[in-house]
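Numbering (my numbering), first residue to last: 34 to 398.
For glycine and all other residues, C-beta sits at the position ideal for the given N, C-alpha and C.
What follows is a short report on a single structure.
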Ligand code: ATP
C-alpha cells in the first residue's frame, strides 16, 4: 500500500494563515498523531488530507500520486470524527456494511468483507445486536470496523476519544492502538491530549500556530524536545523552564545561569555550544527535582501551591519570579515556606536565545 505525504502545504482563510508550509510523511503502517493546542491547525490539516478542505499551496500525495485537486470521494480515505457514530436502529452487521452501499459490490463480496471484519475485530457473536445492546468496547470496535471495511488508502481520526469518560478513554487507548497496528494503512489522529498522542502514535507531530514544531517518536519528543514550546507542552507535570544566560562557554566548561544560580556542565556534553553572553533557558522535569540535598541547589524557592497526585505531590515554587515544579513523595512544606530545591545529577535541557534546544552528545535525534 501507499504512504501519505503532505508537502509544503499551506492553508489560508482570507488573510488568515491557518496552516503554514508544513511537511509530513506517514508510512503505510504508521500512526501519526497531530498534537497541539486549540486553534493550531490540526483539524484543518486533517481536512485537507481528506479532501474536505482545499490546499492553498503545496501538495498531498498518496503513494506518490498527487491527490490535492481530487474531491474527497475520489481519495478513498476513511475519516472518523469519533469512534461512536453508530446508527442506533441498525444492527451491528448493518452498521458495518453501511459504508459499502455506494461501492456497488455484489452480495457475496459484501458478505466476504463483513465476515473478514467481524473476524478481525471479534464481533461475530454480536452481528445481530443493535448498538444499545453492546458494551462500550464492542461499540468502539464496530465504529472502527465501519472505517476499515471500505479498505481506504488512509485513516483519519479527529479527537476519536474526546466524548468518553476518563476511565473508558484509558481502556480504549490501548485497544485502539492494537487495532490500528493491524490495519497497515497510514493513519493520522488529531488530538490535543498528549497522553493520547503518546500512547497511540508511532510518531507525534507537535503543532503551534499553523506550523510543525517537531516530529518524532513519543520518546524522542519527550527526551529531546526541539524547543521551549515543545518542552513545556509535552510531559505532565510540565517541565520547569528557567530564563537565564550563558555566563561562560569555555573549552572545558559551560556555565549557564542567572544572578541567583550558576549551572556548570562539561563542555564535552554539548553537541551544539551556547554563546557566552546570550540568553539561555534551562529546563528540567519535576521528577528530576527534589528537596533532598544533592547537586545544583536553587535556594530561596517559596512554596505557592501543593497539589496531591495520588502517591506523589506536585509542589509549585516561586524562585525569584520563575516557576519551579517538584514532584515528590515527601511531606509538603508549608505554603510560603522558603525551601531549597535540588537538581541532583539530572542533565538539564539547555535552550538558546531563540528557544531552540542545544543538542547534547548522545542524543538519539
Ligand atoms: P481545536 O483543537 O480547537 O479543534 P485545531 O488545532 O484543530 O483546533 P483548526 O480547527 O484547524 O484548529 O483551526 C485552525 C485555525 O483556523 C483556527 O484559528 C480557526 O479559527 C481557523 N479556521 C478554521 N476553519 C476556518 C474557516 N473555515 N474560516 C476561517 N478560519 C478558519
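DSSP three-state label for residue 132, please. helix
Ligand 1 and residue 77: does the residue's C-beta get closer than 8 Å to at least one heavy atom of that ligand? yes
Quick check: the Cα distance between residue 187 and residue 37, rounded to an integer number of angstroms? 8 Å
Cross-strand partners of residue 384 (DSSP beta bridge): 314 and 390
Rounded C-alpha distance that separates residue 291 from residue 250: 33 Å
Euclidean distance between Cα positions of residue 333 and residue 278: 19 Å
DSSP state of residue 164 mapped onto helix, strand, coil: helix
Please state whether the Cβ-Cβ distance between residue 257 and residue 162 is less than 9 Å. no
Cβ of residue 66 versus every heavy atom of ligand 1: is any distance shorter than 8 Å? no
For the putative contact between residue 336 and residue 317, defined by C-beta atoms under 8 Å, what is the C-beta separation to the nearest angstrom? Not quite, the Cβ-Cβ distance comes to about 18 Å (not below 8 Å), so this is no contact.
Looking only at C-alpha atoms, which of 240, 242, 223 and 241 sits nearest to residue 233? 223
N- and C-terminal bounds of the alpha helix (DSSP H) containing residue 294: No alpha helix (DSSP H) holds residue 294; DSSP gives it neither H nor E.
On a CA-only basis, which of 41, 384, 352 and 66 is nearest residue 191? Give me that one, please. 66
Helix or strand or just coil, what does DSSP make of residue 112? strand
Can you tell me which of the three DSSP states residue 93 falls into? strand
Assess contact between the stretch 373-385 and the stretch 310-330, defined as three or more Cβ pairs (one per stretch) separated by less than 8 Å. Is contact present? yes
Let me check one thing: in DSSP terms, what residues is residue 355 bridge-paired to? 352
Out of 127, 275, 305 and 294, which has the shortest C-alpha to C-alpha gap to residue 313? 275
From residue 181 to residue 127, what does the alpha carbon distance come to, in whole angstroms? 14 Å
Have a look at the DSSP bridge pairing and note the partners of residue 44. 52
Alpha carbon to alpha carbon, how far is residue 356 from residue 210? Give it in angstroms, no decimals. 36 Å
For residue 64 and residue 235, believed in contact at Cβ under 8 Å, the rounded distance: 5 Å
Should residue 371 be labelled buried (16 or more other beta-carbon atoms within 10 Å of its own) or exposed? exposed
Whole angstroms is fine: what's the gap from residue 51's alpha carbon to residue 74's? 6 Å
Using a Cβ distance threshold of 8 Å, determine whether the stretch 79-95 contacts the stretch 38-50, with at least three qualifying pairs required. yes
Is the closest heavy atom of ligand 1 to the C-beta of residue 52 under 8 Å? yes
Cβ pair residue 216, residue 82 closer than 9 Å: no
So residue 55 packs on residue 244, CB below 8 Å; how close in whole Å? 7 Å
Taking the alpha helix (DSSP H) that residue 214 belongs to, which residues open and close that run? 199-216
Coarse secondary structure for residue 249, derived from DSSP in three states: strand
Presumed contact (8 Å Cβ cut-off) between residue 287 and residue 303, rounded CB distance: 6 Å
Any heavy atom of ligand 1 inside 8 Å of the beta-carbon of residue 70? yes
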